[in-house]
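Notes to accompany the following structure.
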Ligand code: BTN
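Residue numbers (this note's numbering): 147 to 400.
What follows is the structure in structure tokens.
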């Protein structure tokens, strides 16, 4: 981490060859008292996890599978917005490599309709105090189309495919941690307003007609118009405005 020059995030970086999941490893460290800003990164994950208990493909040598521990002063109900903050940090890092990010609400970064980056935020809180937030970020860096298992080929892509050449994983991780460090300092001082504003700049979901699928099976359609102060997506439907929170639903373009 020499030369990282961050205030907090990445002051301590723990690197592994192979782990089950960097989120699981970091949650254990968090429970054992690890400090705000601790980072766990692994070359590969055996059981990388995505949202809704889905598996996350994390092969060796080709991606950034990283988790970041925060011990924020904000309230537990603000924690889901860490996902938006992480997406903006990835977008800022991509810009340093000449790549323009397209964020699909709330947490996927897409290219050509396929997923480049996934984010899984987990939290532990007691009463109205956050004990810890673990932000897990999976970035497909140097993955060729044929490296993906068959079933992912039509839905996943990589920074290498987007840029047309391989990128340095270390250099990208450094930019990501710098961007996150700056955003987190800002959030701790002034709240999430500027994160939400930055998120809107990269959002591709806004203005789109989307179909919302709730786990209970309810489905509806409408135009995604904005996100509110809580990071919820606002959808204008025939029957008025609906508000959906991350984690509750999956959305897809109509
Ligand atoms: C999603 O797209 O549903 C979220 C994917 C999150 C993957 C990252 S990889 C690093 C961290 N460890 C995990 O097990 N998951 C996250």
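Where is the CB? At the ideal position from N, CA and C, for every residue including glycine. The structure presented is a predicted model; accordingly, all values stated were derived computationally and were not measured.
In the three-state scheme derived from DSSP, where H, G and I count as helix and E and B as strand, residue 318 is classed as helix. In the structure shown, the three-state DSSP call for residue 181 is coil. Of the candidates 180, 271, 165 and 166, 180 places its Cα closest to the Cα of residue 157.
A direct Cα-to-Cα measurement between residue 346 and residue 305 gives close to 21 Å. Going by DSSP, residue 248 is part of the beta strand (DSSP E) stretching over 248–250. Within the DSSP bridge table, the entry for residue 269 names 279 as partners. Per the C-alpha coordinates, the member of 288, 299, 336 and 338 positioned closest to residue 315 is 288. If you draw a straight line from the Cα of residue 348 to the Cα of residue 162, it comes to about 32 Å. Contact check for residue 225 against residue 269 passes: the beta carbons are separated by less than 7 Å. Non-local beta-carbon contacts of residue 256 in its own chain, meaning distances under 6 Å to residues more than five positions away in sequence, involve 248 and 250 in chain order. Taking one beta carbon from each stretch, the region 313–329 and the region 282–296 have 3 or more pairs nearer than 8 Å; the two touch.
In the DSSP assignment, residue 370 falls outside any alpha helix (DSSP H) and within the unbroken beta strand (DSSP E) covering 365–373. Shortest Cα-Cα distance from residue 273 to any of 253, 221, 319 and 300 involves 221. Residue 307 has no beta-bridge partner at all, per DSSP. The C-beta distance from residue 150 to residue 239 rounds to 13 Å, too long to fall under 8 Å, and the pair is not in contact. Check the Cα spacing between residue 258 and each of 252, 216, 381 and 245: the tightest is with 245.
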